[in-house]
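Residue numbers (UniProt numbering): 1 to 106.
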């Protein structure tokens with residue numbers, strides 16, 4: 001199945017983004033984490049939409065896959081600005097997901 005690795009990466013990214021956003025809400029200076037939380041939520045939503053389409057074997061997803069890669073890269077960059085471990089873990093999951101998206105779209 002061509003999209004199996006991508007589906008796995010998307011699920012991992014969704015989980016890390018949701019966890020990161022929730023953990024950011026518990027940070028001492030939550031106002032400093034607002035952009036991270038928003039970016040996490042958007043990334044999780046885009047990945048979830050793509051994941052659902054891939055699971056139905058919908059074929060016309062190349063543009064969405066490319067967009068998802070960009071969103072994941074943006075989220076990785078934002079999370080990479082923070083020292084919290086949940087942000088570092090999220091950034092790594094987003095980078096891996098972006099790479100899988102690029103490989104799938106190629």
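Quick reminder that beta carbons are idealized off the backbone N, C-alpha and C, glycines included.
Asked: Assuming residue 36 and residue 79 make a contact with CB atoms under 8 angstroms, what is their CB distance in whole Å?; Found: 6 angstroms
Asked: Taking C-alpha atoms, which residue in 105, 103, 102, 3 lies nearest to residue 51?; Found: 3
Asked: DSSP three-state call for residue 73: helix, strand or coil?; Found: helix
Asked: Which same chain residues, not among the five before or five after residue 91, have their C-beta less than 7 angstroms away from its C-beta?; Found: 76, 79, 80
Asked: Between residue 9 and residue 97, how many whole angstroms is the CB-CB distance? I'm expecting something under 8 angstroms.; Found: 4 angstroms
Asked: Could you check what DSSP says for residue 11 in three-state terms: helix, strand or coil?; Found: helix
Asked: Buried or exposed for residue 40, going by 16 or more other Cβ atoms inside 10 Å?; Found: buried
Asked: Taking just the CA atoms, how far does residue 21 sit from residue 100?; Found: 22 angstroms
Asked: Grouping DSSP H, G and I as helix and E and B as strand, with all else coil, what is residue 82?; Found: coil
Asked: What do you get for residue 33, buried or exposed, if any count of 16 or more other CB atoms within 10 angstroms of its CB means buried?; Found: buried
Asked: For residue 59, count the other beta carbons within 10 Å of its own beta carbon; 16 or more makes it buried, fewer makes it exposed. Which is it?; Found: exposed
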